[in-house]
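*Asks:* The sequence shown runs 11 to 117 under the numbering used here. The structure's right below; bear with me while I get my questions together.
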Amino acid sequence: MTYPAKMLLILVDETDTWNELPLYEAIVRRLVRLELAGATVQAGIMGFGSHHRVHRKRLFGVSDDRPIVISVIDTEDKIRAAAIEIRTMVKEGLVAISNVEVLTADA
């Protein structure tokens with residue numbers, strides 16, 4: 011079974027914070043409270059944002075502020091409601107919504 015859904019994509023820096031927590035952790039905790047279907051946090055190997063400063067993993071795995079990607083897929087209503095709250099938390103970064111077609115899901 012397939013069905014249309016929305017994906018919330020949030021791009022932040024590893025060192026961004028929210029009330030003394032890493033921002034990505036604060037966002038995931040907020041998404042849990044909002045009862046979204048799930049979220050995945052990934053640390054990027056390399057990237058750059060609006061300031062055009064390259065972020066990358068350095069020698070011996072030490073980072074100079076890796077890019078972090080949080081992705082969430084759920085119904086349009088839940089994604090849009092979550093985006094409103096998450097946008098207030100992200101001072102620098104990107105919050106985007108896109109269409110997705112779900113091909114598999116937990117039963």
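Note that the Cβ used here is the ideal one computed from N, Cα and C, for glycine as well.
Select from Met17, Thr25, Leu44, Leu18 the residue whose C-alpha is nearest the C-alpha of Pro77.
*Replies:* Minimum Cα distance to Pro77 is reached at Thr25.
*Asks:* Using DSSP with H/G/I as helix, E/B as strand and the rest coil, what is Asp84?
*Replies:* Strand.
*Asks:* Evaluate Leu33 with the Cβ neighbour count: other Cβ atoms within 10 Å of its Cβ, from every protein chain shown; 16 or more gives buried, anything less gives exposed.
*Replies:* Result: buried.
*Asks:* Would you mind stating whether Ile89 and Lys16 have Cβ atoms separated by less than 7 Å?
*Replies:* Against a cut-off of 7 Å, the Cβ pair of Lys16 and Ile89 comes out as a contact.
*Asks:* Got a sec, what are the start and stop residues for the alpha helix (DSSP H) Ile37 sits in?
*Replies:* Its alpha helix (DSSP H) spans residues 33-43.
*Asks:* Counting C-beta neighbours from all protein chains within 10 Å, is the total for Ile55 16 or more, i.e. buried, or is it exposed?
*Replies:* Exposed, by the Cβ-count rule.
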